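Here the sequence shown is numbered in our numbering, starting from 70 and rising by one per residue. Beta carbons are placed, not taken as given, at the ideal position from N, Cα and C, and that holds for glycine. Keep in mind that this is a model prediction, so the values were computed, not measured. See below for the structure under consideration.
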Amino acid sequence: MSQPGFPGQHTTTATYSSTHVVTTIRWDPTYIQTLPGILKIVQIVCSFIGFICIEVSGISNHTRGGFFNFVALVAILFTGILLIFYLLHIIEKTYKIPWLMVEFGFCAIWALAFLAVSIMAATYGADTYLVAAFFGFCCMVSYGFDAFLKYAALNRGEIAQGQRFVQKQTTISSQAY
Numbered sequence: 070m071s072q073p074g075f076p077g078q079h080t081t082t083a084t085y086s087s088t089h090v091v092t093t094i095r096w097d098p099t100y101i102q103t104l105p106g107i108l109k110i111v112q113i114v115c116s117f118i119g120f121i122c123i124e125v126s127g128i129s130n131h132t133r134g135g136f137f138n139f140v141a142l143v144a145i146l147f148t149g150i151l152l153i154f155y156l157l158h159i160i161e162k163t164y165k166i167p168w169l170m171v172e173f174g175f176c177a178i179w180a181l182a183f184l185a186v187s188i189m190a191a192t193y194g195a196d197t198y199l200v201a202a203f204f205g206f207c208c209m210v211s212y213g214f215d216a217f218l219k220y221a222a223l224n225r226g227e228i229a230q231g232q233r234f235v236q237k238q239t240t241i242s243s244q245a246y
């Protein structure tokens, strides 16, 4: 018989997770066919086209153009390095680094940065700046969507590359007196 104020039984839930990764560096071009891979390609291409549009204008040395080019070049470099890391499974090899959090932070900040530079380019009035602004807005949307995907994956407890298995076990036990 249980004492007053104490339940006659209790429930225990234990969560177990196991991570399965292959830590060898290998070439895997199938990453480009996934949604994150396609987004990275779109981000690199749109950033590059926007950069070229600013550079071929006769006024590329304007502050707005310089800021746009800075944001575009950092996006190309960082996203290109991440794409290479995914293609070579370096992300999987270094799975202890919180890659999803790193990517989420970068994608969120760069979506806001592309919003700012695209507005600045669109309000300048030159035709090449307008085209660059269009591709900047495309980058903003792709980085924003990528940030959303990374945030959702973080909430599910996933890792960037590899597999994580999460198992919950619930036990109910009664006290015998």
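Rounded to the nearest whole angstrom, the CA to CA distance from Thr-92 to Thr-192 is 49 Å.
Closest in C-alpha terms to Leu-156, from the list Thr-99, Asp-215, Gly-134 and Ala-202, comes Thr-99. For Ser-211 against Gln-102, the beta-carbon gap comes to about 17 Å, at or over 8 Å, which does not count as contact. Leu-108 counts as buried, since no fewer than 16 other beta carbons sit within 10 angstroms of its beta carbon. Distance from the CA of Phe-117 to the CA of Ala-229, rounded to the nearest whole angstrom, comes to 25 Å. Less than 7 Å divides the Cβ of Val-200 from the Cβ of Cys-122.
Ranked by how close their Cα comes to the Cα of Phe-137, the residues Met-189, Leu-151 and Ala-216 have Met-189 in first place.
Note that the C-beta distance between Ala-182 and Val-140 is below 7 Å.
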